[in-house]
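Asks: Take this structure first; my questions come after.
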Amino acid sequence: MAAAEVRYAVADPSTPPPGLYAMLCAAFDEPPYENVPALMAKRLAAWPDFARSNGFRVVTAHRGSELVGVCFGFVDVLGTADEPALWAGLYERLRAAPFHDELRGAEIVEFATARAVRGRDVGQRLVDTLLDGRPGWLLAESTAPAYGWYLRHGWRVLGPPHDATAYVVLARDATVER
Ligand SMILES: CC(C)(COP(=O)(O)OP(=O)(O)OC[C@H]1O[C@@H](n2cnc3c(N)ncnc32)[C@H](O)[C@@H]1OP(=O)(O)O)[C@@H](O)C(=O)NCCC(=O)NCCS
29 MAAAEVRYAV ADPSTPPPGL YAMLCAAFDE PPYENVPALM AKRLAAWPDF ARSNGFRVVT
89 AHRGSELVGV CFGFVDVLGT ADEPALWAGL YERLRAAPFH DELRGAEIVE FATARAVRGR
149 DVGQRLVDTL LDGRPGWLLA ESTAPAYGWY LRHGWRVLGP PHDATAYVVL ARDATVER
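In this text, residue positions in the sequence shown follow the numbering used here: the first is 29, and each later residue adds one.
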């Protein structure tokens, strides 16, 4: 199936795009991710808080009626939707981090593509659409395959968000060399 058959949209952020839970559960069903259904249930439970927050933006990829990719996050704001269940005090810590002034543009909260469309630029196009000319930043698990993807696609390591974490904060300039 060619990338040309994938359609992209800026979605209505007020409710999760149809099919999001199943898509995320399948996309993250690989090491090192654990307890994925529970984690994604928490993500979706936090959606009303996301939707109420300034700058919340959702970009989707579709093939026919199927959701095959998503990228969502916050543009031009830092820390409007803390998720106490997942990340208590995260933004407070990030504001105190040595790299805090590099947390500019858009924060990517979630990013995934369905296995059936991987390696066809869908992920890159989702990120570019969410950023829409801005720099970006995110937290990634350093042992996940996606971590290598970020490093190959113009993202740089800023540092851990706090001690004793497998997560690393990454940032990308507004444009990257292809
Ligand atoms: C990370 C993730 C979103 C990447 O999505 P993707 O759609 O495969 O990304 P892309 O297609 O844009 O890029 C993948 C590769 O395909 C290559 N590619 C792009 N277009 C291509 C084409 N037409 N033909 C062949 N390969 C192509 C890219 O060069 C890239 O190669 P690289 O990774 O070796 O640098 C996906 O792997 C995923 O969902 N992972 C699980 C969830 C996850 O970990 N999310 C991140 C949480 S922080």
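Glycine included, every Cβ here is placed at the ideal spot set by N, Cα and C.
(1) Grab me the residues of V96's own chain with a C-beta within less than 8 Å of its C-beta, minus the 5 sequence neighbours each way, in chain order.
(2) Taking 8 Å as the line, does the beta carbon of R132 fall inside it for any heavy atom of ligand 1?
(3) What residue range is occupied by the uninterrupted alpha helix (DSSP H) comprising E135?
(4) Between G83 and V98, how many whole angstroms is the CB-CB distance? I'm expecting something under 8 Å.
(5) What are the boundary residues of the beta strand (DSSP E) that Y61 is part of?
(6) Just curious, the beta strand (DSSP E) that L198 is in, first and last residue?
(7) Output the boundary residues of the alpha helix (DSSP H) element that contains E205.
(8) On the three-state DSSP scale, how would you describe R184?
Replies: With the structure as the only source:
(1) Excluding sequence neighbours, V96 sits near V34, M51, A89, H90, T141, A142, A144, V145 and V150.
(2) Relative to the non-hydrogen atoms of ligand 1, the Cβ of R132 never comes closer than 8 Å to any of them.
(3) For E135, there is no enclosing alpha helix (DSSP H); the enclosing beta strand (DSSP E) has its first and last residue at A134 to T141.
(4) Their Cβ separation, rounded to whole angstroms, is 17 Å, which puts G83 and V98 out of contact at 8 Å.
(5) Y61 -> no beta strand (DSSP E), and no H or E assigned at all.
(6) Element bounds for L198: Y195 to R200.
(7) For E205, no alpha helix (DSSP H) run applies, since DSSP gives it neither H nor E.
(8) Three-state DSSP puts R184 in a strand.
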